[in-house]
Structure formats: structure tokens, C-alpha cells
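Line by line, the protein sequences give chains A and B.
Going by the UniProt record's numbering, the first sequence opens with residue 1, and the numbers climb by one from there.
Going by the UniProt record's numbering, the second sequence opens with residue 1, and the numbers climb by one from there.
In this text, a Cβ means the ideal position worked out from N, Cα and C, and glycines have one as well.
2 protein chains.
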Amino acid sequence: MKKKLSIVDIANALNVSKTTISFILNGRAQEKRIGADLVEKVMKYVAEVGYKPNSLAKSLRTGKSNTIGLMVEDISNPFFASIARLIEDRAYKNGYKIIYCSTDNDTSKTQDLINMFRDRHVDGYIMAPPEGIEEDIESLIKDGMPVVLFDRHLPGVKTDVIEVDNLFSTYNATRHLMDQGFKNIAFVTFASHQTQMMDRVRGYQDAMKSNGLRPTIVKEIVFNQDEEQIMGPLRDFFKGNPDVDAILFGTNHIGTCGLKIMHEMGLKAPTDIAVISFDDYDVFKLHSPPITAIAQPVEEIADNVITVLLEKLNDRSSSPKLQSIILKTDLKIRNSSLKNAI
Amino acid sequence: MKKKLSIVDIANALNVSKTTISFILNGRAQEKRIGADLVEKVMKYVAEVGYKPNSLAKSLRTGKSNTIGLMVEDISNPFFASIARLIEDRAYKNGYKIIYCSTDNDTSKTQDLINMFRDRHVDGYIMAPPEGIEEDIESLIKDGMPVVLFDRHLPGVKTDVIEVDNLFSTYNATRHLMDQGFKNIAFVTFASHQTQMMDRVRGYQDAMKSNGLRPTIVKEIVFNQDEEQIMGPLRDFFKGNPDVDAILFGTNHIGTCGLKIMHEMGLKAPTDIAVISFDDYDVFKLHSPPITAIAQPVEEIADNVITVLLEKLNDRSSSPKLQSIILKTDLKIRNSSLKNAI
Numbered sequence: 001m002k003k004k005l006s007i008v009d010i011a012n013a014l015n016v017s018k019t020t021i022s023f024i025l026n027g028r029a030q031e032k033r034i035g036a037d038l039v040e041k042v043m044k045y046v047a048e049v050g051y052k053p054n055s056l057a058k059s060l061r062t063g064k065s066n067t068i069g070l071m072v073e074d075i076s077n078p079f080f081a082s083i084a085r086l087i088e089d090r091a092y093k094n095g096y097k098i099i100y101c102s103t104d105n106d107t108s109k110t111q112d113l114i115n116m117f118r119d120r121h122v123d124g125y126i127m128a129p130p131e132g133i134e135e136d137i138e139s140l141i142k143d144g145m146p147v148v149l150f151d152r153h154l155p156g157v158k159t160d161v162i163e164v165d166n167l168f169s170t171y172n173a174t175r176h177l178m179d180q181g182f183k184n185i186a187f188v189t190f191a192s193h194q195t196q197m198m199d200r201v202r203g204y205q206d207a208m209k210s211n212g213l214r215p216t217i218v219k220e221i222v223f224n225q226d227e228e229q230i231m232g233p234l235r236d237f238f239k240g241n242p243d244v245d246a247i248l249f250g251t252n253h254i255g256t257c258g259l260k261i262m263h264e265m266g267l268k269a270p271t272d273i274a275v276i277s278f279d280d281y282d283v284f285k286l287h288s289p290p291i292t293a294i295a296q297p298v299e300e301i302a303d304n305v306i307t308v309l310l311e312k313l314n315d316r317s318s319s320p321k322l323q324s325i326i327l328k329t330d331l332k333i334r335n336s337s338l339k340n341a342i
Numbered sequence: 001m002k003k004k005l006s007i008v009d010i011a012n013a014l015n016v017s018k019t020t021i022s023f024i025l026n027g028r029a030q031e032k033r034i035g036a037d038l039v040e041k042v043m044k045y046v047a048e049v050g051y052k053p054n055s056l057a058k059s060l061r062t063g064k065s066n067t068i069g070l071m072v073e074d075i076s077n078p079f080f081a082s083i084a085r086l087i088e089d090r091a092y093k094n095g096y097k098i099i100y101c102s103t104d105n106d107t108s109k110t111q112d113l114i115n116m117f118r119d120r121h122v123d124g125y126i127m128a129p130p131e132g133i134e135e136d137i138e139s140l141i142k143d144g145m146p147v148v149l150f151d152r153h154l155p156g157v158k159t160d161v162i163e164v165d166n167l168f169s170t171y172n173a174t175r176h177l178m179d180q181g182f183k184n185i186a187f188v189t190f191a192s193h194q195t196q197m198m199d200r201v202r203g204y205q206d207a208m209k210s211n212g213l214r215p216t217i218v219k220e221i222v223f224n225q226d227e228e229q230i231m232g233p234l235r236d237f238f239k240g241n242p243d244v245d246a247i248l249f250g251t252n253h254i255g256t257c258g259l260k261i262m263h264e265m266g267l268k269a270p271t272d273i274a275v276i277s278f279d280d281y282d283v284f285k286l287h288s289p290p291i292t293a294i295a296q297p298v299e300e301i302a303d304n305v306i307t308v309l310l311e312k313l314n315d316r317s318s319s320p321k322l323q324s325i326i327l328k329t330d331l332k333i334r335n336s337s338l339k340n341a342i
């Protein structure tokens with residue numbers, strides 16, 4: 001184990017005042033108009049020497065618990081798992097610990113978890129919220145608790161949100177399939193009224209409409225923890241729609257289930273059915289053929305979530321500005337959606 | 001939202017006493033000698049009606065926080081993410097919330113997290129522990145805190161442990177490669193002194209020795225968050241060892257990196273190199289060819305972890321019995337390790 005360095009050690013080593021180091025480490029550089037060069041120098045040094053802020057001392061000094069509650073839909077989903085991990089890393093470097101839980105998209109479980117986090121005196125909340133907890137979030141905000149939502153928002157709830165451009169992402173992916181000459185394009189997704197999921201369906205529908213008369217084929221499957229309950233309806237869909245020549249899957253999970261059915265039925269992409277899925281991960285990259293995917297910028301999402309939350313934690317003014325940040329996705333075009341791919 | 005059911009409602013519906021229902025829901029059925037049939041009947045009913053224990057009321061009654069701290073190595077690793085999720089589900093059904101964190105295998109971060117959990121008054125700890133926290137765990141145990149370790153143990157620390165039979169698993173996988181006629185079998189893994197990793201190397205070495213004179217080829221790669229720092233040495237290994245005709249990878253992560261290098265270099269399994277990896281997941285199942293994998297019984301691990309912890313939470317006697325449970329893995333033989341596979 002390394003000997004613990006103090007802020008004084010860092011200040012001496014870099015010949016910078018202790019106060020400046022402290023502002024930088026507490027995410028207050030911008031507020032205190034500290035130059036980006038100096039911030040970079042300090043953060044680089046801190047990373048090199050492996051400095052970890054002494055959170056207990058800090059907590060006693062500031063009256064804060066230095067913990068942040070993070071709620072994702074399902075920690076076993078690779079998208080949420082990687083975001084949670086990145087948020088945890090970035091928070092830890094800033095002296096905050098993250099405690100996280102899965103909401104299961106269950107309103108009453110989420111309310112339970114919010115109460116638990118309140119009891120544990122977390123300093124702030126990061127959530128990919130299910131529907132139905134609008135009042136709970138408003139009550140947190142009324143109590144002065146910073147709340148940052150990501151992945152989706154709750155219409156009517158005024159707080160900071162980090163999202164991706166879901167509508168454009170599926171619009172763009174659908175156009176790509178059309179450009180490749182696919183005609184009977186289906187959108188297969190989990191049934192959901194969450195904003196990000198509604199936008200994904202609309203992006204597909206808008207692209208289909210923009211191209212004329214074709215009927216849209218939207219298959220919504222009810223989510224179930226038991227994968228066989230997802231595979232059954234999916235299998236029926238493939239069997240009942242032999243004319244479909246391309247599918248856009250709405251999430252990585254449904255996309256992976258779709259690939260399993262295709263393997264089972266001996267259907268190859270792109271010759272039998274072209275395939276694109278939302279969310280990129282190793283399953284799609286290593287598949288033969290590799291699967292075209294709408295990659296979400298997970299690092300950027302994590303960076304923005306934690307930056308916005310730290311700003312709010314450090315600026316408890318009565319009317320803080322609200323940020324709604326929309327990040328771009330990246331359509332990774334691979335052989336599964338290319339008409340003339342070998 | 002469903003109307004909240006109480007224990008009384010359940011007792012009335014099933015015509016069973018309230019006390020019995022309570023014992024069952026608190027994991028005390030065995031201790032109270034309640035028959036397995038009745039336990040199953042109650043748990044099935046509870047699952048059907050979606051009963052959630054009222055944790056606040058229970059906490060007031062019992063003086064417990066009804067939260068459990070769970071520390072895994074890296075929540076973005078699919079093995080830990082799925083275990084964490086299953087533990088969370090099972091704990092929640094028993095009226096406990098799980099708050100979790102990644103230790104990053106970092107001793108000082110883990111100590112920090114233990115302190116944080118202590119401050120938050122968790123009732124018990126579940127950990128896949130890094131090395132170097134032996135004293136911290138012993139101090140928790142001395143204070144009467146239930147601590148259940150999983151995935152690995154800490155030599156000398158007396159507490160409950162749930163593990164798999166790592167040594168036999170790699171022994172068996174290596175024997176399978178030998179039976180298929182592969183001769184130059186390498187074991188590629190992350191450098192680690194953790195018990196599960198040491199056992200995996202030994203299982204491979206024992207199998208090699210049992211078969212005569214062949215030299216063992218063990219390549220240990222230093223773990224790095226930056227995947228390119230793993231890919232570089234792995235690429236060098238493939239290039240520097242053209243005679244290797246089979247590789248057993250020590251974890252899902254290193255196995256996936258290995259497959260990426262094989263794709264990059266145009267090496268096919270099993271014709272160029274046969275492949276087996278520890279840990280099974282969608283990447284291996286959907287790969288062409290499907291990858292032979294040592295599947296850990298994640299559901300069973302989660303069930304045992306939570307059962308043992310609940311038993312300890314409900315039995316605070318001064319000298320509780322310690323359990324060391326070793327579960328079996330399942331070698332899922334697929335085309336990547338079959339000599340005559342197409």
C-alpha cells in the first residue's frame with residue numbers, strides 16, 4: 001500500500017497553493033476561474049501518485065457524507081454496468097463514493113430505494129428513472145437534493161438530464177438500411193413508455209414515412225427476467241414475418257436475444273435478414289458477421305453525469321441553472337447491414 | 001402500483017400462522033424446522049402476488065438497517081454484474097436492500113468502502129475480496145458483523161465462503177483438450193495472487209503434469225483498465241508462440257480479448273488454435289464457432305451467498321458455525337475445442 005499523500009504534499013510538489021489544489025480536487029476550478037492548464041497538471045500528478053482524498057476528514061469538515069446514490073434499471077445489463085463503473089471511477093477520483101442499486105423499472109422498489117438512500121444521507125442522486133416516481137423526485141429536489149437523470153427523462157420534472165439523441169439515432173440507422181436497398185424493415189423492441197424508448201420507435205417511424213408508403217412493422221415484446229419469455233414471442237415474430245428483410249433492435253438485450261433466435265433458425269445476416277442493434281458491445285463486435293450497432297458514448301455520458309452532479313453539489317444556490325445535455329451516438333456500420341457484404 | 005400486502009394477508013390467504021410466514025420470509029425456516037413444502041408454497045405465493053416486506057416498519061421493530069453492503073471486483077465485468085443482480089433480487093425478496101461498489105482490487109479503496117459501509121450501518125457484508133484487507137475483515141468479524149466472502153477466500157481469515165472448484169475446473173478443461181489430441185496447450189490469464197486464480201493455474205499445471213513431460217506454457221498478463229494495455233502483450237504472445245495449438249483462458253475478460261486478437265490475426269478456432277475460456281456468457285455462446293466455456297453456477301452462487309448471510313443475520317450467537325461451500329462448474333463443450341469440428 002502506498003503512503004497516503006495529503007493536499008499539502010501535492011501543493012509542495014507542484015509549487016501551487018493548498019487552496020488552489022483543494023478547489024481543483026473538489027471540482028470547483030471553473031467556479032474559481034482556475035486555468036485549464038493548471039487543472040490538467042494537478043489532475044495528471046494526482047493520477048500519477050495515486051492520491052485519494054481523505055473522505056472522512058473532508059466529511060467532518062464539510063458536513064457531507066461524500067456518497068452519491070446511483071440507480072440504474074438493471075446492473076446486469078452491460079450498458080448500465082459500464083456506465084455505473086465509469087461514474088464510480090470518476091466520482092472516486094473526486095472524493096465521492098457511489099452506492100448503487102437496480103430499480104428493475106419497478107416504481108415501488110425505486111421509491112423504497114430512494115428512502116433507503118435518504119436514510120443513508122447520500123449527498124446526491126443519479127438515476128435512470130422508471131415512470132411513476134415523478135413526485136418522489138420533485139420532493140427530493142424541493143428538499144435541495146441534487147438529482148441528475150440519465151438515459152431518459154420524466155416529462156414535467158425539472159432537473160438536470162443527460163441523454164443521447166435517440167430519435168435521430170434510429171432515424172439514421174433506418175435510413176442506412178433503406179440506402180442499402182432493404183425494403184421490409186422491422187423495429188423490434190421492449191414495450192415501454194419511457195422517453196428514450198418512445199423516441200427510438202419514432203425515429204424508425206419517421207424514417208419509414210420519409211420514404212413513402214411502406215407500412216411500419218413495430219414488434220413490442222414485454223420484458224421478462226426469464227429470457228425464455230422473451231425468446232418465445234421473438235421466435236413467433238421471426239416465423240410469422242418471413243418477408244422482413246431487415247431488423248432494427250431497440251436495445252442490446254433484445255438484439256442479443258434476436259441473434260440467438262437467428263442462430264437457432266439458421267438465419268444469416270445480412271443475406272437472410274440485415275441486422276442493426278441499439279447499444280454496442282463485445283457480443284456485436286465479435287459476432288460473425290460483426291453486427292452494425294448504434295454505439296452510445298458511455299464515457300461521455302458518465303463524464304457529463306458526474307460533472308453536472310459535482311457542479312450542483314458545489315453550488316447550492318437557490319436557483320441553480322438546469323442542464324439538459326443531448327449527446328450524439330455513433331452508427332458503427334459493420335457487415336450485418338451491408339447488402340453486398342460477403 | 002400494486003396495493004401493498006401484509007404478512008397477515010399472506011397468512012390468511014394460505015391459512016398458515018403469521019409467525020410461520022414471518023420465519024419463512026426472514027430465512028429462518030430451517031432453524032425453525034418448517035417443512036420445505038410449506039416454504040416453497042409460501043415463496044411461490046409471495047412471488048405471484050409480488051409481496052414486498054415493509055422494510056421501514058421492520059427496521060424500527062428490529063433495530064436493523066436491512067441493508068447489505070456488496071463489494072465486487074468490477075461491476076462492469078459480466079460475471080460480477082450478473083451475480084450482483086441475482087444477489088440483489090434474492091435479498092430484496094427477503095426484505096434487504098443491497099448497496100454495492102467496485103473494489104477495483106485496490107486494497108486502500110476497499111478499506112475506504114468498508115468504512116463507508118460501517119458509517120452507513122449496513123447489517124452485513126458480501127465481498128469478493130482483494131488481498132491485503134485481512135485485518136479489516138477480521139475487525140468486522142470481531143465487532144460481530146456477518147461477512148460472507150465469495151469467488152475467492154483470504155487464507156487465514158475465518159469466515160463463510162462460497163467458491164467454485166477452480167482447480168478441478170481447469171484440470172478438467174485441460175484434460176478435455178488433451179483428449180482431443182491438442183499438444184501445445186497454453187494457459188493465458190491475468191497475473192494475480194488471489195486464491196481462485198492460483199487454483200486455476202494449478203489445475204492446468206496438474207493436468208499437464210499428469211500427462212507426462214510436456215512443458216507448461218503459462219502467460220500472465222498484468223490487468224489494466226485500458227484494454228489496449230492488455231491487447232498488446234496478448235498480441236505478442238500469439239505472435240511469439242506459433243506452436244501453441246490450444247489455449248485455456250483464465251477469465252471471461254482475457255478470453256474475450258484473446259478472441260479479438262484472433263479475429264485481428266485471422267486465426268480460427270479450433271483449426272488454428274482450440275479455445276476454452278473460464279466463465280460463460282453471451283459473447284462465447286454467440287461466437288462462430290461457439291466457444292467452449294467453464295460455466296460458473298451464478299444462480300447457485302448468489303443463492304448460497306444470500307442464504308448463508310441471512311442465516312448469520314438471524315443467528316447472532318457468539319460462536320456461529322462457519323460454512324465453506326464449494327460449488328461445481330460446468331464445462332460447456334462447444335466447437336471451439338473439438339478437433340474434428342467443422
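Once DSSP output is grouped into helix, strand and coil, what is the label at residue i?
i	result
residue 99 (chain A)	strand
residue 144 (chain B)	coil
residue 338 (chain B)	coil
residue 60 (chain B)	Low confidence applies to residue 60 (chain B): its pLDDT is 45, below 50, so where it sits in the model is not reliable, and the reading given next is rough at best. Three-state result, residue 60 (chain B): helix.
residue 315 (chain B)	coil
residue 79 (chain A)	helix
residue 282 (chain A)	helix
residue 291 (chain B)	coil
residue 187 (chain A)	strand
residue 332 (chain A)	strand
residue 324 (chain A)	strand
residue 249 (chain B)	strand
residue 5 (chain A)	coil
residue 49 (chain B)	helix
residue 301 (chain A)	helix
residue 55 (chain A)	In this prediction, residue 55 (chain A) has a pLDDT of 47, which is less than 50 and means its spatial position is unreliable; nothing more can be read from the coordinates.
residue 277 (chain A)	strand
residue 110 (chain A)	helix
Just the chain B side, please: which residues come within less than 7 Å of residue i by C-beta, in chain order?
i	result
residue 116 (chain A)	67 and 97
residue 102 (chain A)	85 and 88
Which residues of chain A have a Cβ atom closer than 9 Å to the Cβ of residue i, listed in chain order?
i	result
residue 256 (chain B)	282 and 286
residue 260 (chain B)	282, 285 and 286
Considering only their Cβ atoms, is the gap separating residue j from residue i smaller than 8 Å?
i	j	result
residue 274 (chain B)	residue 154 (chain B)	no
residue 335 (chain A)	residue 244 (chain A)	no
residue 302 (chain B)	residue 152 (chain B)	no
residue 101 (chain A)	residue 114 (chain B)	no
residue 166 (chain B)	residue 206 (chain B)	no
residue 305 (chain B)	residue 323 (chain B)	no
residue 92 (chain B)	residue 66 (chain B)	no
residue 119 (chain B)	residue 64 (chain B)	no
residue 328 (chain B)	residue 180 (chain B)	no
Roughly how far, in whole angstroms, is the beta-carbon of residue i from the beta-carbon of residue j, given that I think they are within contact range, below 8 Å?
i	j	result
residue 203 (chain A)	residue 170 (chain A)	3 Å
residue 282 (chain A)	residue 283 (chain B)	5 Å
residue 39 (chain A)	residue 47 (chain A)	Not a contact, Cβ separation roughly 12 Å.
residue 49 (chain B)	residue 16 (chain B)	That pair is no contact at about 14 Å.
Whose Cβ in chain B lies nearer than 9 Å to the Cβ of residue i?
i	result
residue 204 (chain A)	Simply none; closest approach about 24 Å.
Quick one: list the residues of chain B neighbouring residue i, beta-carbon separation under 8 Å, in chain order.
i	result
residue 92 (chain A)	109
residue 263 (chain A)	286
So which residues on chain A does residue i lean against when the C-beta distance must stay under 8 Å?
i	result
residue 113 (chain B)	97
residue 78 (chain B)	76, 78 and 81
residue 45 (chain B)	Chain A residues near residue 45 (chain B): none, gap ~18 Å exceeds 8 Å.
Closer than 7 Å by beta-carbon distance: list the chain A residues that pair up with residue i, in chain order.
i	result
residue 84 (chain B)	75
residue 120 (chain B)	120
Between the region 128-135 of chain A and the region 283-293 of chain A, are three or more C-beta pairs nearer than 8 Å? no
Any contact of the region 245-264 of chain A with the region 226-237 of chain A, i.e. 3+ C-beta pairs under 8 Å? yes
Are the region 239-251 of chain B and the region 182-191 of chain B touching by the rule of at least three beta carbon pairs closer than 8 Å? yes
The region 123-132 of chain A in contact with the region 64-73 of chain A per 3-pair CB rule at 8 Å: yes
Looking at C-beta atoms only, is the number of pairs between the region 263-283 of chain A and the region 213-225 of chain A that lie closer than 8 Å three or more? no
Indicate whether the contact test is met: 3 or more Cβ pairs, each with one atom in the region 81-90 of chain A and one in the region 103-119 of chain A, closer than 8 Å. no
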